[in-house]
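Some notes on the structure that comes next.
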Amino acid sequence: MRKLTVFQKSNTAKKEKILNLLLGSSVITLFLVSWELLFQFKVVNPLFISAPSRVVLAEITIIKDGSLLTNLSVSAKEFLLGYAAAIIIGFPFGIMLGWFKLIRGSFGPFIAALQATPRIALMPLFIIWFGLGITSKIVVVLMSAIFPLIVNLRVAMTTIDSDLIHVARAYGASRWQIFRSIAFPTSLPFLMTGLRLAAGRGLLGVIVAEVFGGAEGIGYMIQYAGSTFQTDKVFAGVLVVAVTGITLDFTLDRLGRYFDRWRGEVAVH
Amino acid sequence: MDIIIAEKVNKKFKLKQGQNINNNGVASNQIEVLNGFDLKIKKGEFLVLVGPSGSGKSVFLDLVGGLSTPTGGVVYLDDKPVEAPSSKTAYVFQQYALFPWRTALSNIEFGLESRGVLKEERVKIARELLSLFGLSDFEDRFPYQLSGGMQQRVAIARALATKPEVLLMDEPFAALDAQTREILQNELIRIWEGTETTVIFVTHSIDEAVFLADRVAVVTARPGRIKEIIEIDLPRPRNGELRSSNEFAANRHKVWGALKTEVNKAQQDWKLAPQFSE
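This is the structure:
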């Protein structure tokens, strides 16, 4: 019975999904076509506005001359190192913040203050402290990505079902067993949400940090192309960043659904 | 032989800041839930506690289960005072409290996990219990994929998996519809009659109490103590048809007779203390 209803629901959901996909892609197509036409009929100056066809050409050029790969690998390295550091520090810290009242009381205000500070405004300091190389960028990514993780995991700990703790205690589970069998599974969906938000912030962080000051990376490439009026190349760089962001978000979303399958709403999505 | 002995048990709770309660005209920030609670439970018996809401029945289960300690008096389990959860007891709650991210099978394994039983052995025991409750086809289901009755069967199986000497059941069927409730009572009694487990069962339903119990202990209005213990003289093994017999009605009448005045008292108490809620 239940299986049947879920199946029907997911069937209508599928139809809706296809419709949304059609509507969404037609708006994008319309936008690209009008943009191209504005360029072809010389309504706009390509020096400032570029055009889809020119962006594609620029994309091919930077792939061919290897500059995309060089810059992308620098940015990827900065991002991945910063992101990994954010997870390694943020995950246990967020959990402790939610789990132990004393830690929440002592570190809570400090975290809140740090979180409210715009990280990019600290960029000049990071450059003074860590130089113009990749270290200062890694720090920006770390500082951008860590807070969504801390906040989400802290919230996760407050959503723990007290009935389950009651059960675990009644069965003589130790504090560590309670943590492992209740706190950890409860935190997983929150961790996945945190990872998605952190990826977005981290990506933003790495690009802005490279635009701000640096000599390599996609952000630098965009900044340099902009200041030399190569609008085609600016768009080509932005496109790369956008595609990376969407891919990352999609992958993490899929992973999150896997960890969320016991919640039972997955089929309906 | 008595497996559980409660002697002069007293339990007080502090109310939350700003809340207080009217005790015979005296305002107090403490609430006395049990006072002078004496009870002896025989090994292997099915004892049901009935009493008005707020009379401390569940609190007594928590004391036996070691989830809470008495303010005064002692609860003995096998002649030793209960101070912490013991591996001899297992608990079934009204709200099932299954782990939503675990399958039915894995939920049943939980109690064994915290006791360090190896995986292979755990799965074997859990499968046996699933089949005992007719749930073999559902071992891979998550709780959200099970009906309320099935979820509570899994919760009972989780408790039985640990082979407890004492099974504590806190209104386990209260959230189920009437038909499912009767079916689960029948199943519970069928399974229990094949074990030597002592059961302490809390309920608000007199029918349920009479159908299941060897003895029904009637608890007074708050502060709770045992008012009367009624022996249920119905033969075992019991089955569903027993419910419509004259003997059943006679036992039901006895229990209600003892309970009635306490329920009325409790109703008065609720009127006096509207700020207290469970």
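For the record, the sequence lines run as chains A and B. Under the working numbering, the letters of the first sequence match residues 1 to 269, in that order. Under the working numbering, the letters of the second sequence match residues 1 to 278, in that order. Glycine is no exception: its CB is placed at the ideal position from the N, C-alpha and C atoms.
Over what stretch of residues does the beta strand (DSSP E) that includes residue i continue unbroken?
i: residue 48(B); result: 46-50
i: residue 72(B); result: 72-77
i: residue 36(B); result: 30-42
Quick test of your reading: residue i and residue j, contact by CB under 8 Å. State the CB separation rounded to the nearest angstrom.
i: residue 48(B); j: residue 212(B); result: 6 Å
i: residue 159(A); j: residue 193(A); result: Not really, about 12 Å apart at Cβ, beyond 8 Å.
i: residue 59(B); j: residue 33(B); result: 5 Å
i: residue 91(A); j: residue 191(A); result: 7 Å
i: residue 114(B); j: residue 172(A); result: 6 Å
i: residue 198(A); j: residue 86(A); result: 6 Å
i: residue 139(A); j: residue 130(A); result: 6 Å
Is the separation between the beta-carbon of residue i and that of residue j shorter than 8 Å?
i: residue 165(B); j: residue 74(B); result: no
i: residue 153(A); j: residue 182(A); result: no
i: residue 202(A); j: residue 242(A); result: no
i: residue 218(B); j: residue 255(B); result: yes
i: residue 222(B); j: residue 72(B); result: no
i: residue 175(B); j: residue 111(B); result: no
i: residue 38(A); j: residue 229(A); result: no
i: residue 11(B); j: residue 56(B); result: yes
i: residue 78(A); j: residue 52(A); result: no
i: residue 233(A); j: residue 62(A); result: yes
i: residue 253(A); j: residue 196(A); result: yes
i: residue 210(A); j: residue 200(A); result: no
i: residue 82(B); j: residue 37(B); result: no
i: residue 170(B); j: residue 93(B); result: yes
i: residue 224(B); j: residue 184(B); result: no
i: residue 2(B); j: residue 40(B); result: yes
i: residue 98(A); j: residue 189(A); result: no
i: residue 232(B); j: residue 215(B); result: yes
i: residue 125(A); j: residue 213(A); result: no
i: residue 44(B); j: residue 196(B); result: yes
i: residue 240(B); j: residue 182(B); result: yes
If I follow the unbroken alpha helix (DSSP H) through residue i, where does it start and stop?
i: residue 205(B); result: Careful: residue 205(B) lies outside any alpha helix (DSSP H) and carries neither H nor E.
i: residue 19(B); result: Run containing residue 19(B): none; DSSP gives neither H nor E here.
i: residue 158(A); result: 134-158
i: residue 117(B); result: Run containing residue 117(B): none; DSSP gives neither H nor E here.
i: residue 58(B); result: 57-65
i: residue 189(A); result: 184-212
i: residue 234(B); result: Neither: residue 234(B) is in no alpha helix (DSSP H) and is coded neither H nor E.
i: residue 187(B); result: 178-192
i: residue 101(A); result: 101-116
i: residue 57(A); result: 52-64
i: residue 145(B); result: From DSSP, residue 145(B) is part of no alpha helix (DSSP H); its letter is neither H nor E.
i: residue 163(A); result: 162-170
i: residue 124(A); result: 123-130
i: residue 172(B); result: Here residue 172(B) belongs to no alpha helix (DSSP H), and DSSP marks it neither H nor E.
i: residue 47(A); result: 46-49
i: residue 119(A); result: No alpha helix (DSSP H) holds residue 119(A); DSSP gives it neither H nor E.
i: residue 263(A); result: Premise fails: residue 263(A) is in no alpha helix (DSSP H) and is neither H nor E.
Where does residue i sit, in a helix, a strand or coil, going by DSSP?
i: residue 229(A); result: coil
i: residue 3(B); result: strand
i: residue 251(B); result: helix
i: residue 228(B); result: strand
i: residue 167(B); result: strand
i: residue 91(B); result: strand
i: residue 253(A); result: helix
i: residue 265(B); result: helix
i: residue 216(B); result: strand
i: residue 100(B); result: coil
i: residue 198(B); result: strand
i: residue 278(B); result: Summary for residue 278(B): the model assigns pLDDT 38, below 50, so the residue's position carries little reliability, and this model does not support an answer.
i: residue 5(A); result: Residue confidence for residue 5(A) is low, a pLDDT of 47 falling below 50, so the modelled location carries little weight and cannot support an answer.
i: residue 8(B); result: strand
i: residue 269(A); result: Here the model assigns residue 269(A) a pLDDT of 32, short of 50, so the residue's position is not dependable, and the following value carries that caveat. Residue 269(A): coil per DSSP, three-state reduction.
i: residue 105(B); result: helix
i: residue 26(B); result: strand
i: residue 222(A); result: helix
i: residue 223(B); result: coil
Closer than 8 Å by beta-carbon distance: list the chain B residues that pair up with residue i, in chain order.
i: residue 169(A); result: 67, 85
i: residue 177(A); result: 113, 114
Taking Cβ-Cβ distances shorter than 7 Å, what residues in chain B pair up with residue i?
i: residue 65(A); result: Correct list: empty, because the minimum Cβ distance to chain B is about 50 Å.
i: residue 277(A); result: This structure leaves residue 277(A) out entirely; chain A is present only between 1 and 269.
Residues of chain B with CB closer than 9 Å to the CB of residue i, please, in chain order.
i: residue 185(A); result: 99, 100, 101, 102
i: residue 318(A); result: In the structure as shown, chain A begins at 1 and stops at 269. Residue 318(A) is therefore absent and cannot be evaluated.
Going along chain A, which residues have a C-beta under 9 Å from residue i?
i: residue 93(B); result: 163, 166, 167, 170
i: residue 110(B); result: 167, 168, 171, 173, 181
i: residue 142(B); result: 261, 262, 263, 264
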